[in-house]
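**Student:** Before I ask anything, let me first share the structure, which is written out below as structure tokens.
Number of protein chains: 2
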Amino acid sequence: MSITSPRGFRAAGVSAGLKTSGGKDMALVVNDGPRHDSATVFTTNRCLANPVLWSQEVVKDGVVRAVILNSGGANCYTGPEGFQTTHAVAEQVAERLGIGAIDVVVCSTGLIGLANPRQALLDGVDAAYGALATDGGSDAAEAIMTTDSVSKQVLVEGAGWSIGGMAKGAGMLAPALATMLVVITTDAVVSADDLDTALRAATRVSFDRLDSDGCMSTNDTVTVMASGASGITPTLADFTEALTQACTDLAMQLLKDAEGADHEIAITTINAATEDDAVEVGRSVARSNLFKAAVFGNDPNWGRVLASVGTTKAAFDPADLDVAMNGVWVCRSSTPHTDPSEIDLTGRDVTVTIDLKSGSERATVWTNDLTHAYVHENSAYSS
Amino acid sequence: MSITSPRGFRAAGVSAGLKTSGGKDMALVVNDGPRHDSATVFTTNRCLANPVLWSQEVVKDGVVRAVILNSGGANCYTGPEGFQTTHAVAEQVAERLGIGAIDVVVCSTGLIGLANPRQALLDGVDAAYGALATDGGSDAAEAIMTTDSVSKQVLVEGAGWSIGGMAKGAGMLAPALATMLVVITTDAVVSADDLDTALRAATRVSFDRLDSDGCMSTNDTVTVMASGASGITPTLADFTEALTQACTDLAMQLLKDAEGADHEIAITTINAATEDDAVEVGRSVARSNLFKAAVFGNDPNWGRVLASVGTTKAAFDPADLDVAMNGVWVCRSSTPHTDPSEIDLTGRDVTVTIDLKSGSERATVWTNDLTHAYVHENSAYSS
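Line by line, the protein sequences are chains X and Z.
First residue of the first sequence: 0, per numbering that gives the first Met the number 0; consecutive thereafter.
First residue of the second sequence: 0, per numbering that gives the first Met the number 0; consecutive thereafter.
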């Protein structure tokens with residue numbers, strides 16, 4: 000179950016010496032066709048890394064033939080020289096593969112403001128090219144890890160076609176994409192336009208609703224490539240459903256591996272006037288450090304849920320809100336109901352349900368608790 | 000230097016048994032006149048505690064004769080019975096003082112969703128009334144402390160008049176008021192309308208720019224009362240300046256006592272197109288858990304500053320931003336400049352300067368670092 004499970008793809012993961020650990024740090028994914036349809040979504044951050052600035056141009060015509068990824072440096076705010084490094088990497092990939100650089104997406108992850116060593120990257124491209132294999136997906140997934148403790152991969156089977164995926168990301172998981180790089184492959188026949196429609200629908204309810212620590216990255220990229228090698232054309236609905244399943248699976252893997260987290264928290268807002276309201280309410284709770292610290296302490300502090308809900312513009316009556324944690328309704332009509340001591344928060348999975356009583360829409364936003372380990376990992380990251 | 004330094008005020012701080020520690024937990028502040036002008040600002044949270052719902056009605060006519068405050072319970076989301084408790088407390092104060100309950104502001108702080116014991120509060124009112132003294136300001140300041148490690152007081156002298164203040168708040172310090180209760184007294188002659196104008200101007204650049212942890216409280220209240228006992232009428236400009244000085248001093252005391260913080264961080268955005276842009280940019284950085292954790296680790300991670308700036312709608316060119324930390328310009332024109340290793344973050348005070356190069360406005364937002372102690376205190380708070 001990897002990005003090389005669908006037909007028409009080769010991949011590799013190698014060490015280019017970017018990580019001080021000496022581990023794998025460069026990955027190459029190649030779509031050998033016969034088709035090269037693609038779609039990509041990027042971070043909505045206005046401060047963009049050089050690989051994103053480059054790749055935004057690459058994806059415009061809907062054709063992507065290869066994705067080259069490196070960990071060990073984000074190549075963000077490294078100036079014109081940093082952009083030239085990204086460009087040189089794309090050119091090197093293109094030359095090896097005999098394609099145009101303008102069909103090569105580049106992704107980087109790591110520290111901002113640190114120049115990537117260009118020669119090491121170019122040598123890494125050569126090594127990755129030499130290691131390309133039809134079963135190289137797992138190596139590639141390993142090479143894009145940073146503070147991830149496990150590699151993230153997925154495979155969703157269709158009727159004679161499939162979708163494979165890999166992701167990296169373990170912190171800075173926030174709205175409109177987590178800090179993450181995701182490559183998805185499929186051997187279904189899907190046009191670039193349909194891929195774009197399906198990808199936006201899938202990310203909207205998966206990666207976009209993951210809000211681990213409220214911090215939005217400068218490098219997030221999700222690219223899907225379709226080789227058409229199965230010769231089968233699924234309906235857009237079927238493909239979108241499978242792609243959504245793949246994205247949600249990867250998103251949950253990211254959530255479970257968030258830096259230093261002790262709990263995965265699913266915040267579901269029900270009976271909202273609009274889906275946007277439900278997402279806004281969920282996100283406000285997902286961003287409450289006080290609430291997240293309470294969950295770390297296994298403390299069902301629903302007052303901190305309502306204090307967050309009250310900061311939103313969603314439609315609701317402040318005097319008529321219901322709140323449940325792990326299925327126990329601790330607050331009904333904005334008044335204490337079941338004794339919170341009946342809630343057991345010692346397990347990893349925590350659910351929060353907020354009933355706005357203002358409509359029939361709903362949405363779930365996922366986050367993690369705020370722990371000592373989070374503070375530790377993120378205070379030591381660049382040291 | 001306390002709320003009883005200006006003439007015309009008495010105050011008391013007593014123990015009503017609300018705090019398990021047995022410490023002082025109720026405060027009463029009385030304006031003996033001859034004038035009773037006042038102004039108040041509240042949290043902008045839509046989920047409001049019962050004392051806020053009550054006090055919003057009290058302040059409407061610009062007359063406040065007394066403020067009764069308790070720690071040990073926020074009386075928020077405690078249902079109709081909680082509102083009745085607030086009302087009963089106001090009535091008890093009014094009866095003792097021979098005034099109307101509709102001139103009594105009530106403030107509560109502590110856990111949300113926990114009913115306050117009504118009889119203990121009423122007995123506390125009696126005890127506070129019996130302890131009222133013209134030098135009782137410091138006792139009152141002590142009684143409103145919750146997780147505060149020190150009481151916060153201020154005195155600003157005018158020409159023949161003065162402003163005294165007290166504040167509580169040690170966490171949940173966020174926009175549009177920190178979690179805090181503030182009472183300010185003055186013996187200047189100032190009309191209710193002028194007090195309102197001055198208070199809004201003062202809080203806008205002080206309490207409203209404190210963003211310790213991004214969490215907005217349900218109980219925040221800042222009340223200013225003017226007794227007119229000095230017989231002196233300052234100009235509105237002079238009074239506003241003194242009031243701003245008092246509010247800023249209290250805000251800095253709150254900042255320095257934020258739960259578990261190791262650093263005070265002043266984020267100044269310069270050359271912004273508008274003051275709102277400058278505040279938005281500052282607040283985005285103040286809310287970045289990643290950046291705040293880095294400061295805790297004495298790590299000058301300016302990439303996390305830019306990643307936050309990029310999430311705002313402020314006017315700027317992403318390719319032309321300058322960033323300094325503690326006066327060292329680590330980023331010029333969005334490119335690495337001085338080596339970050341020249342920055343020493345071991346002191347408590349940290350400054351971040353962001354040059355948007357888009358205008359001539361500026362603003363400073365204050366926050367704290369994200370520490371192990373913050374996580375600890377806020378995971379254990381209600382346990």
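We put the beta carbon where it would ideally sit given N, CA and C, even for glycine.
All values derive from a computational prediction rather than experimental measurement.
Taking buried to mean at least 16 other C-beta atoms within 10 Å of its own C-beta, is X/GLU258 buried or exposed?
**Tutor:** buried
**Student:** Going by the DSSP bridge assignment, what does Z/LEU154 pair with across the sheet?
**Tutor:** Z/GLY163
**Student:** Determine the contact status of Z/PRO135 and Z/ARG9, defining contact as a CB-CB distance below 9 Å.
**Tutor:** What sits at residue 135 of chain Z in the sequence shown is Gly, not Pro. Contact flag set, yes.
**Student:** Closer than 9 Å, CB to CB, is X/ARG208 near chain Z or not?
**Tutor:** no
**Student:** Which word fits Z/ASP348, buried or exposed, when buried means at least 16 other C-beta atoms lie within 10 angstroms of its C-beta?
**Tutor:** exposed
**Student:** Which bits of chain X does Z/THR412 rub up against, with CB to CB less than 8 Å?
**Tutor:** Because chain Z spans 0 through 382 in this model, residue 412 of chain Z falls outside it and cannot be assessed.
**Student:** Can you name the residues that DSSP bridges to Z/PRO383?
**Tutor:** No statement about residue 383 of chain Z is possible, as the shown extent of chain Z runs from 0 to 382 and does not include it.
**Student:** In chain X, which residues lie with their C-beta within 8 Å of the C-beta of Z/SER70?
**Tutor:** Those within 8 Å of Z/SER70 in chain X number zero; the least Cβ separation is about 15 Å.
**Student:** Give a yes or no on whether 9 Å exceeds the smallest Cβ distance from Z/SER357 to chain X.
**Tutor:** no
**Student:** Cβ of Z/TYR373 less than 9 Å from any chain X Cβ?
**Tutor:** yes
**Student:** Does the beta carbon of X/VAL329 come closer than 9 Å to any beta carbon on chain Z?
**Tutor:** yes
**Student:** For X/ARG9, report the span of its beta strand (DSSP E) as first-last.
**Tutor:** X/ARG9 -> beta strand (DSSP E) spans 8-13.
**Student:** For the putative contact between Z/VAL63 and Z/VAL104, defined by C-beta atoms under 8 Å, what is the C-beta separation to the nearest angstrom?
**Tutor:** 5 Å
**Student:** Which class does X/ARG361 belong to by DSSP, given the choice of helix, strand or coil?
**Tutor:** Looking at X/ARG361 - three-state DSSP - the assignment turns out to be strand.
**Student:** Where do the ends of the alpha helix (DSSP H) carrying X/ASP237 lie?
**Tutor:** 235-255
**Student:** Would a C-beta distance cut-off of 9 Å place Z/ASN377 and X/LEU369 closer than the cut-off?
**Tutor:** Yes.
**Student:** Taking the alpha-carbon positions, what's the Z/VAL181 to Z/VAL304 distance?
**Tutor:** Those two C-alpha atoms are separated by around 32 Å.
**Student:** Taking Cβ-Cβ distances shorter than 7 Å, what residues in chain Z pair up with X/ILE342?
**Tutor:** Chain Z residues near X/ILE342: none, gap ~12 Å exceeds 7 Å.
**Student:** So, does the region 118-129 of chain Z touch the region 143-163 of chain Z, judging by three or more C-beta pairs under 8 Å?
**Tutor:** The region 118-129 of chain Z is not in contact with the region 143-163 of chain Z.
**Student:** Taking Cβ-Cβ distances below 7 Å as the criterion, which residues of the region 87-104 of chain Z are in contact with chain X?
**Tutor:** none
**Student:** Can you tell me the Cα-Cα spacing of Z/ALA323 and Z/ALA200, whole angstroms?
**Tutor:** Each residue's Cα considered, the two are about 29 Å apart.
**Student:** Quick check on the DSSP output: the alpha helix (DSSP H) that includes Z/VAL383 runs from which residue to which?
**Tutor:** Past the edges of chain Z, shown from 0 to 382, lies residue 383 of chain Z, and the structure says nothing about it.
**Student:** Just verifying my parser: in three-state terms, what is the DSSP assignment at X/SER381?
**Tutor:** With a pLDDT of 49 at X/SER381, under the threshold of 50, the predicted position of this residue should be treated as unreliable, and no value is reported.
**Student:** Shorter than 9 Å from the beta carbon of Z/CYS214 to some beta carbon of chain X?
**Tutor:** yes
**Student:** Any beta carbon of chain Z sitting closer than 9 Å to that of X/MET171?
**Tutor:** Its pLDDT being 46, under 50, X/MET171 is placed unreliably in this model, and the coordinates cannot settle the point.
**Student:** How big is the Cα-Cα spacing for X/ASN218 and Z/VAL308?
**Tutor:** 14 Å
**Student:** Along the region 286-300 of chain Z, what residues have a CB closer than 7 Å to any CB found in chain X?
**Tutor:** Those would be ARG286, SER287, ASN288, LEU289, ALA292, ALA293, PHE295, GLY296, ASP298 and ASN300, in chain order.
**Student:** Go through its chain and collect everything with a Cβ distance to Z/LEU27's Cβ below 6 Å, but skip five positions before and after it.
**Tutor:** The beta carbon of Z/LEU27 is closer than 6 Å to those of ALA11, ILE67 and ALA127 in its chain, skipping five residues each way along the sequence.
**Student:** Around the Cβ of X/VAL58, are there at least 16 other Cβ atoms within 10 angstroms (buried) or fewer (exposed)?
**Tutor:** Classification for X/VAL58: buried.
**Student:** Chain X beta carbons: is any one of them nearer than 9 Å to that of Z/THR217?
**Tutor:** Interface residue (Cβ-Cβ distance to chain X less than 9 Å): Z/THR217 is classified as such.
**Student:** Please list, in chain order, the chain Z residues whose beta carbon lies closer than 7 Å to that of X/CYS46.
**Tutor:** LEU305, ALA306, VAL308, GLY309 and PRO317
**Student:** Below 9 Å on C-beta distance, what does Z/GLY112 contact in chain A?
**Tutor:** In summary, chain A is missing from the structure at hand, where the protein chains are X and Z.
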